[in-house]
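Participant: Residue numbers (the working numbering), protein chains in the order written: chain V, 160 to 483; chain P, 160 to 483. Sharing a structure, written as structure tokens. Questions coming.
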């Protein structure tokens, strides 16, 4: 099967009209009038960002999902995406069939099609890069840099599930046995790791009130710090307010040392944002209408503090995941 | 050096204002009014698309150049680009310094900046994917599919230099000795392989008259066939009209069997296009004004033929390079 046949069989069916059936040099799309374009790219490598043994449809959905999560953090509506795929020597058609099925489903869930890309051979591990395009009303992209002292800090969903899921998945694959803290919810946590749920539904709430936003991909603590650095401010976070799921709470109860994993492990693909106090009610109402849980975890201030329940400061030796 | 430091040192200086210093989740750009967006992505892997020993600045310039060549073929003006870079275990800062210098120069030559991207680690070979964005007046993108019988077929520049350059480079690296046909122009041919020159200057000429266009990346014969397939037509090509450079002519004189290499080897990054006869004069005048040589090599017809000087038909066993 040559490159053209492979594209025609597995990827052309995912192309929207702008993708021209993936038979041209480029895609063409008319940007929505009065909008700015929001553009992001993320790469994933087997063995670094996922396990080669992960389900192919989940690998694809994750590669797209992490990019859609960036768009969601900017309150952008997705327009389309491009995929660069480097296939290792042992790729199979069965892999590509499942991979493209997962990619198509994830794209359809976000209402977008494949615009183009490239498929190449590599002697190394499976490597993917996706570029996603989105749109926001002109001048309205929510940046990381707009947080101001006094703004409230919110986070969507729950934190740490995917990092715990990764630890469970790693134990399953590399050691063949679950860690001692794995409970009845292991499969749920692993699923959170495998299949990010980009928070595109939060867009109306963010547009109504956020002064700054960012997606939580590399660890909540480090990502909050990155947003605060961009804003020239600092975060005061009440650690006890950070939302955990029932599975994560059970794991933390079994092994309290996992707290650092949940707060710095990354792969959450939730949104952390700063909301000026007079917009907080509207933000909460719109988030609730979108059925996205949001939790106030602190406030933007002049000096950083991460406080425990008893008021003592907590320090993080390693605050986020670095991909290099 | 962590991911943020690496981006700050080597890539943030290449970012245009839309890239927000590469410190946000995404770039934001206001599309030019009245324009469509043209988007393309190409990936390159060390050992497949280039040699790991190639100069780092040339690797970078080529990765961007092959994408700009796609935009040039669509008569699109470049707006910006994103880079996904997977670094192998032996990457060095010296490599990144040269790589980012070459990327910056290639971007500046096209008048564009870096919009964003991702840097990750791989256990495999150096892998790059670039997505390039461009703009064309609304509805005016030149597709592969618009060629009609009677249109004249043109190609820009000269064909085969890069394929011969690749053969020379391969001999140099893998065998440590030049092939028997390598002449005084070997360095020139290798340079054509290492440093594509995207034909962005041809945009006014293409907009004035082309019914279809495509960049020649995978071999002239196969690329002409791809454009004709998209157009539901066929090409009649006079092989003796295909333009060769003096270095390529010298190589072909020394070893006539290299003709297939020049016509099917790829990496030319020239433009092949179809021009209705009544637009041909304007097309030629505007190409000449842009200082891009264009050569008429045949005509769009109902049945394919690639004819030698004496009128005999030539068949190509393998018509293009496939990357999978």
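From the three backbone atoms N, C-alpha and C, an ideal C-beta is built for every residue, glycine too.
Could you tell me which uninterrupted alpha helix (DSSP H) segments, each at least 4 residues in length, are contained entirely in the stretch 388-454 of chain P, listed from first to last along the chain?
Facilitator: Taking only runs of at least 4 residues, the alpha helix (DSSP H) segments lying wholly in the stretch 388-454 of chain P are 405-413, 418-423 and 439-448.
Participant: Less than 8 Å between C-beta atoms, sequence neighbours within five positions excluded: which residues of the same chain meet that for residue 269/V?
Facilitator: The count along the first chain starts at 1 and reaches residue 269/V at position 110. Excluding residues within five positions, the ones whose Cβ falls inside 8 Å are 223, 227, 237, 357 and 359.
Participant: Could you give the distance in angstroms between the alpha-carbon of residue 321/P and the alpha-carbon of residue 163/V?
Facilitator: Start at 1 with the first residue of the second chain, and residue 321/P comes out as number 162. Start at 1 with the first residue of the first chain, and residue 163/V comes out as number 4. Straight-line Cα distance between these residues: approximately 22 Å.
Participant: For a quick check, are the C-beta atoms of residue 327/P and residue 214/P less than 8 Å apart?
Facilitator: Counting from 1 along the second chain, the entry for residue 327/P is found at position 168. Counting from 1 along the second chain, the entry for residue 214/P is found at position 55. Cβ atoms of residue 327/P and residue 214/P: not closer than 8 Å.
Participant: Do three or more CB pairs link the stretch 279-289 of chain P to the stretch 191-211 of chain V at distances below 8 Å?
Facilitator: The stretch 279-289 of chain P vs the stretch 191-211 of chain V: in contact.
Participant: For residue 420/V, which residues in chain P fall below 8 Å Cβ to Cβ?
Facilitator: Sequence index remark: in the first chain, residue 420/V carries index 261 (1-based). Here the premise fails: no neighbours, minimum Cβ distance about 19 Å.
Participant: With DSSP as the reference, label residue 288/P as helix, strand or coil.
Facilitator: By 1-based counting over the second chain, the position of residue 288/P is 129. Correct three-state label for residue 288/P: strand.
Participant: So what's residue 457/P in DSSP terms, helix, strand or just coil?
Facilitator: To locate residue 457/P, count along the second chain from 1; it is residue 298. It is a strand residue.
Participant: Applying a beta-carbon distance threshold of less than 9 Å, which residues of chain V neighbour residue 458/P?
Facilitator: Here residue 458/P refers to the residue found at position 299 when the second chain is read from its first residue. Going along chain V, no residue has its Cβ under 9 Å from residue 458/P, so there is no contact; the nearest lies around 22 Å.
Participant: Can you tell me where the alpha helix (DSSP H) with residue 368/P in it begins and where it stops?
Facilitator: The residue labelled residue 368/P in the question sits at position 209 within the second chain. Here the alpha helix (DSSP H) through residue 368/P covers 362-368.
Participant: Report the option in 312/V, 276/V and 404/V whose CA atom is closest to the CA atom of residue 397/V.
Facilitator: Locating residue 397/V in the first chain gives position 238, where the first residue counts as 1. With distances taken between Cα atoms, residue 397/V lies closest to 312/V.
Participant: By the 10 Å Cβ neighbour count, where 16 or more other Cβ atoms means buried, how is residue 378/V classified, buried or exposed?
Facilitator: Here residue 378/V is taken as the residue at index 219 of the first chain, counted from 1. Buried, by the Cβ-count rule.
Participant: Assuming residue 407/P and residue 323/P make a contact with CB atoms under 8 Å, what is their CB distance in whole Å?
Facilitator: The count along the second chain starts at 1 and reaches residue 407/P at position 248. The count along the second chain starts at 1 and reaches residue 323/P at position 164. Indeed, because the Cβ distance is near 6 Å, the residues count as touching under 8 Å.
Participant: Can you give me the Cβ contacts of residue 456/P inside the same chain, cut-off strictly under 6 Å, excluding the 5 residues immediately before and after it?
Facilitator: On the second chain, residue 456/P is found 297 positions in, with the first residue counted as 1. Taken in chain order, the residues that qualify are 312, 314, 396, 400 and 401.
Participant: Please go through the stretch 185-262 of chain V and give each complete beta strand (DSSP E) segment of 3 or more residues, from N-terminal end onward.
Facilitator: Listed in chain order, they are 186-188, 194-204 and 236-246.
Participant: Just checking my contact of residue 404/P with residue 317/P at CB under 8 Å: how many whole Å lie between their CB atoms?
Facilitator: Here residue 404/P refers to the residue found at position 245 when the second chain is read from its first residue. Here residue 317/P refers to the residue found at position 158 when the second chain is read from its first residue. Indeed, because the Cβ distance is near 4 Å, the residues count as touching under 8 Å.
Participant: DSSP beta-bridge partners for residue 174/P?
Facilitator: As a working mapping, residue 174/P is identified with position 15 in the second chain. Paired residue(s): 273/P.
Participant: Counting contacts by CB-CB distance shorter than 8 Å, is residue 447/P in contact with chain V?
Facilitator: Counting from one through the second chain, the residue named residue 447/P turns up at place 288. Not an interface residue.
Participant: Going by alpha carbons, who is nearest to residue 233/P out of 428/P, 422/P and 452/P?
Facilitator: Along the second chain, read from residue 1 onward, the residue named residue 233/P stands at position 74. Cα-wise, what sits closest to residue 233/P is 428/P.
Participant: Alpha carbons only, please: which of 252/P, 216/P and 267/P is nearest the one belonging to residue 240/P?
Facilitator: If you number the second chain from 1, residue 240/P lands on position 81. Checked all of 252/P, 216/P and 267/P; the closest Cα to residue 240/P is 267/P.
Participant: In whole angstroms, what is the alpha-carbon distance linking residue 231/V and residue 300/V?
Facilitator: Here residue 231/V is taken as the residue at index 72 of the first chain, counted from 1. Here residue 300/V is taken as the residue at index 141 of the first chain, counted from 1. Near 11 Å, if we compare the C-alpha coordinates of residue 300/V and residue 231/V.
Participant: To which residues of the same chain is residue 474/P closer than 6 Å at the C-beta, ignoring the five residues directly before and after it?
Facilitator: As a working note, residue 474/P is residue 315 in the second chain. Nothing meets the Cβ criterion.
Participant: What does residue 206/V reach in chain P if we use C-beta pairs closer than 7 Å?
Facilitator: Translated into the one-based positions of the first chain, residue 206/V becomes position 47. Within 7 Å Cβ-Cβ: 282.
Participant: Buried or exposed, going by whether 16 or more other CB atoms sit within 10 Å of the CB of residue 445/P?
Facilitator: The sequence position of residue 445/P within the second chain is 286, counting from 1. The residue is buried, with at least 16 neighbouring Cβ atoms inside 10 Å.
Participant: Hey, would you say residue 380/V sits closer than 8 Å to residue 229/V, going by beta carbons?
Facilitator: Residue mapping note: residue 380/V aligns to position 221 of the first chain, counting from 1. Residue mapping note: residue 229/V aligns to position 70 of the first chain, counting from 1. No, the Cβ-Cβ distance between residue 380/V and residue 229/V is not below 8 Å.
Participant: Going along the stretch 278-311 of chain P in order, which residues come within less than 8 Å of chain V, judged by CB to CB distance?
Facilitator: Residues passing the 8 Å Cβ filter: 278, 279, 280, 281, 282, 283, 284, 286, 288, 290, 292, 293, 295, 297, 300, 302, 303 and 304.
Participant: So, is residue 333/P buried or exposed, given that buried needs 16 or more other C-beta atoms within 10 angstroms?
Facilitator: Along the second chain, one-based indexing puts residue 333/P at 174. So residue 333/P counts as exposed.
Participant: Using alpha carbons as the reference points, say which of 192/V, 471/V and 463/V lies closest to residue 295/V.
Facilitator: Stepping through the first chain from its first residue, residue 295/V is reached at position 136. Per the Cα distances, 192/V.
Participant: Taking 8 Å as the CB-CB cut-off, is residue 198/V touching chain P?
Facilitator: Reading the first chain from its first residue, position 39 is the one you call residue 198/V. Answer yes: the Cβ-Cβ gap between residue 198/V and chain P drops below 8 Å somewhere.
Participant: Relative to the C-alpha of residue 423/P, which residue among 254/P, 476/P and 181/P is closest?
Facilitator: Sequence index remark: in the second chain, residue 423/P carries index 264 (1-based). The shortest C-alpha separation from residue 423/P is found at 476/P.
Participant: Can you find a C-beta in chain V that's less than 8 Å from the C-beta of residue 317/P?
Facilitator: Along the second chain, one-based indexing puts residue 317/P at 158. No, because no Cβ of chain V sits closer than 8 Å to the Cβ of residue 317/P.
Participant: Write down the C-beta distance between residue 259/V and residue 200/P rounded to the nearest angstrom, noting that I regard them as a contact closer than 8 Å.
Facilitator: Here the question's residue 259/V lines up with position 100 in the first chain. Here the question's residue 200/P lines up with position 41 in the second chain. No, residue 259/V and residue 200/P are not in contact; Cβ-Cβ is about 16 Å, not under 8 Å.
Participant: For residue 313/P, write down the residues that DSSP places opposite it in a beta bridge.
Facilitator: Position 154 of the second chain, counted from the first residue, corresponds to residue 313/P. Beta-bridge pairing links residue 313/P to 432/P and 455/P.
Participant: In terms of alpha-carbon separation, which member of 298/P, 256/P, 218/P and 196/P lies closest to residue 350/P?
Facilitator: On the second chain, residue 350/P is found 191 positions in, with the first residue counted as 1. For residue 350/P, the nearest C-alpha among the options comes from 218/P.
Participant: Using a threshold of 7 Å, is the CB atom of residue 400/P nearer than that to any non-hydrogen atom of the ligand FMN?
Facilitator: Inclusion of the ligand FMN in the displayed structure is not the case, the ligand content being empty and no account of it being possible.
Participant: What does a CB cutoff of less than 6 Å around residue 539/V pick up in its chain, not counting 5 residues either side in sequence?
Facilitator: For chain V, the structure presents residues 160 to 483; residue 539/V sits outside this window and is missing.
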